[in-house]
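Numbering-wise (the numbering used here), the sequence shown opens with residue 66 and increments by one.
Think of the CB as a built atom: it goes at the ideal place given N, C-alpha and C, for glycine as much as any other residue.
All values derive from a computational prediction rather than experimental measurement.
What follows is one structure encoded as structure tokens, with my remarks underneath.
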Amino acid sequence: MIHRLFSEPLSIRNSVALDLGATNMELNPSIYGNVSAFGDYIEGKLGAKIGFGGYLEHRIIYESYENFATASADFRNIHLGMDFWTKAGTPIFAPLEGEVHSFQINPGAGNYGPTIILYHPAEKIYTLYGHVSIADLVPLEKGSPIAAGQLLCQVGNPAENGGWPPHLHFQLIRNMQGFQGDYPGVCSQRDLSFYANNCPDPVTFSFPI
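Laid out in structure tokens, this is it:
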């Protein structure tokens with residue numbers, strides 16, 4: 066059984082596709098380089114709806130954050146998960162039966178902030194939830210069972226989620242490569258082939274959103 070991530074299925078009534086790609090001419094450094102301005106931009110696009118999108122999206126917004134530059138200057142700007150932009154405190158439900166793999170706070174501007182990773186043995190897949198609330202990590206224990214449809218966490222606020230407008234970064238991962246409580250959510254063009262295979266599209270994986 067696969068459960069939806071939010072309280073209601075996303076539809077044309079309650080959601081809208083959000084384009085944060087490099088071809089969006091509305092975005093410029095004065096917007097994405099300022100947390101407040103970026104938040105206002107997102108809110109203006111959403112209204113009262115949930116914004117979604119971003120899988121393998123080429124984004125220029127990462128140029129405002131030092132942690133996306135690599136030692137080889139191979140800039141990371143391809144988004145590997147799907148983002149759901151909504152209000153802080155929005156509940157998020159586990160889509161599949163599984164267990165807690167790991168969790169931690171990933172600090173720093175532009176980072177995940179509080180992050181939860183689940184493992185789903187039946188599907189042999191991991192799910193990552195970034196930018197959630199700090200309070201949601203307190204009751205977690207590694208290996209604890211998680212039921213499909215169980216309330217897992219809530220969308221965090223900018224003070225705790227790496228300075229982003231409130232949203233969930235949701236990502237599928239086939240091989241964790243030894244990571245604990247963290248996994249790259251953005252890659253460089255050079256590494257895209259590997260990460261596109263290791264982090265499949267939630268839509269084509271038949272996750273109901």
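Which residues in the same chain have their Cβ closer than 6 Å to the Cβ of residue 87, if we skip the five residues on either side of it in sequence? Here residue 87 is taken as the residue at index 22 of the sequence shown, counted from 1. Closer than 6 Å at the Cβ level, and outside the excluded window around residue 87, lie 123, 125.
I'd like the ranges of any beta strand (DSSP E) spanning at least 3 consecutive residues and lying wholly in the region 158-215. Here the runs fully enclosed are 163-171, 178-185, 190-195.
What separation, rounded to the nearest whole angstrom, lies between the Cα atoms of residue 138 and residue 94? Within the sequence shown, numbered from 1, the residue matching residue 138 stands at position 73. Within the sequence shown, numbered from 1, the residue matching residue 94 stands at position 29. Confidence is the limiting factor: at residue 138 the pLDDT is only 49, short of 50, which leaves the residue's position unreliable, though a coordinate-based value still follows. The straight-line gap from Cα to Cα measures roughly 20 Å.
Can you list, in chain order, the residues of its chain whose CB lies under 7 Å from that of residue 184, leaving out five sequence neighbours each side? Residue mapping note: residue 184 aligns to position 119 of the sequence shown, counting from 1. Excluding the 5 residues flanking it on each side, residue 184 has same chain C-beta neighbours closer than 7 Å at 163, 164, 166, 191, in chain order.
When the Cα atoms are used, what is the spatial distance from residue 194 to residue 105? The count along the sequence shown starts at 1 and reaches residue 194 at position 129. The count along the sequence shown starts at 1 and reaches residue 105 at position 40. Going by the C-alpha atoms only, they are around 23 Å apart.
Is residue 147 closer than 7 Å to residue 119 when the C-beta atoms are compared? Looking up residue 119 in the sequence shown gives position 54. Looking up residue 147 in the sequence shown gives position 82. Closer than 7 Å, so yes.
Is it right to say residue 136 is buried, meaning 16 or more other beta carbons lie within 10 angstroms of its own, or is it exposed? Residue 136 sits at position 71 when you count from the first residue of the sequence shown. Since pLDDT at residue 136 reaches only 46, below the 50 mark, its modelled position is unreliable, and no value is offered.
Are the beta-carbon atoms of residue 174 and residue 228 separated by less than 7 Å? Indexing the sequence shown from 1 puts residue 174 at position 109. Indexing the sequence shown from 1 puts residue 228 at position 163. Using a Cβ distance threshold of 7 Å, residue 174 and residue 228 count as a contacting pair.
Taking all protein chains shown into account, do 16 or more other C-beta atoms lie within 10 angstroms of the C-beta of residue 180, making it buried, or fewer, making it exposed? In the sequence shown, counting from the first residue as 1, residue 180 sits at position 115. Around the Cβ of residue 180, a 10 Å sphere holds 16 or more other Cβ atoms; the residue is buried.
Spatial distance of residue 198 from residue 258 (CA atoms): The count along the sequence shown starts at 1 and reaches residue 198 at position 133. The count along the sequence shown starts at 1 and reaches residue 258 at position 193. Distance between the alpha carbons of residue 198 and residue 258 is about 32 Å.
What would DSSP say about residue 94, mapped onto helix, strand or coil? Against the sequence shown, residue 94 aligns to sequence position 29. In this structure, residue 94 counts as helix in the three-state DSSP scheme.
With distances taken between CB atoms, is the gap from residue 83 to residue 110 smaller than 7 Å? Here residue 83 refers to the residue found at position 18 of the sequence shown. Here residue 110 refers to the residue found at position 45 of the sequence shown. Closer than 7 Å, so yes.
Using the rule of at least 16 other Cβ atoms within 10 Å of the residue's Cβ for burial, across every protein chain shown, is residue 242 buried or exposed? By one-based count along the sequence shown, residue 242 stands at place 177. The residue is exposed, with fewer than 16 neighbouring Cβ atoms inside 10 Å.
When the Cα atoms are used, what is the spatial distance from residue 265 to residue 202? Within the sequence shown, the letter at position 200 stands for residue 265. Within the sequence shown, the letter at position 137 stands for residue 202. So the alpha carbons of these two residues sit roughly 25 Å apart.
Where do the N-terminal and C-terminal ends of the alpha helix (DSSP H) with residue 262 fall, by residue? On the sequence shown, residue 262 is found 197 positions in, with the first residue counted as 1. Per DSSP, the continuous alpha helix (DSSP H) segment holding residue 262 begins and ends at 257-263.
In or out: residue 269 buried (at least 16 other Cβ within 10 Å) or exposed? As a position in the sequence shown, residue 269 is number 204, starting the count at 1. So residue 269 ends up on the exposed side.
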